[in-house]
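Residue numbers (my numbering): 52 to 223. We put the beta carbon where it would ideally sit given N, CA and C, even for glycine. Computed from a predicted structure; not experimentally measured.
See the structure below:
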């Protein structure tokens, strides 16, 4: 059976390591793609919802509608799109705020052990022992890293402090 004990002296945290230009450019590119994807997803979702509405409404109901009714439907659709886009925009602004703080402060490198694993519908997370007593650091990781590292694995993880995303994980 594998020994899951780690000495507190083995846990090390290096903070504020400057990011490299390639890492900054790659993450900026990812933010731009995310904004475009959100707009496309909202538009496609609205088209499907409109098609479902058209196919479920009876033909007699549509014949009795005038141009002002169609204009009202159009305005409601635009309002719904703006509302969804506003919510997505607020989420993106929060992500950008964290990203700006990460660019200023750099990345952290933690030498530690995996103590917990979480899988949500959004992402996969590993929890690591922190340098302080009873401190645990939960970081979002790629699916490959989540499958590779089990509880008790001793690793060196490089992550963004405010975004809480792993950049690189290697064996200790």
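Own chain residues within Cβ distance below 7 Å of residue i, not counting five before or after
i: residue 72; result: none
i: residue 78; result: 150
i: residue 250; result: Because residue 250 is not part of the residues shown, which for the chain are 52 to 223, the question remains open.
Test item: CB-CB of residue i and residue j under 8 Å
i: residue 86; j: residue 135; result: no
i: residue 158; j: residue 221; result: no
i: residue 199; j: residue 215; result: no
i: residue 34; j: residue 194; result: Given that the chain is displayed from residue 52 to residue 223, the structure contains no residue 34 and the question cannot be resolved.
i: residue 182; j: residue 68; result: no
Residues bridged to residue i (per DSSP)
i: residue 175; result: 170 and 192
i: residue 222; result: 206
i: residue 63; result: 162
Under the three-state DSSP convention, the category residue i falls into
i: residue 200; result: coil
i: residue 160; result: strand
i: residue 71; result: coil
i: residue 116; result: coil
i: residue 90; result: helix
i: residue 212; result: coil
i: residue 109; result: coil
i: residue 217; result: strand
Through-space distance from residue j to residue i, alpha-carbon basis
i: residue 66; j: residue 173; result: 27 Å
i: residue 179; j: residue 131; result: 41 Å
i: residue 185; j: residue 95; result: 46 Å
i: residue 53; j: residue 196; result: Reliability of the predicted coordinates at residue 53 is poor, the pLDDT of 49 falling under 50, and no value is obtained from them.
i: residue 137; j: residue 145; result: 12 Å
Close Cβ partners of residue i (< 6 Å) along its chain, the five nearest in sequence each way excluded
i: residue 167; result: 178
i: residue 204; result: 165
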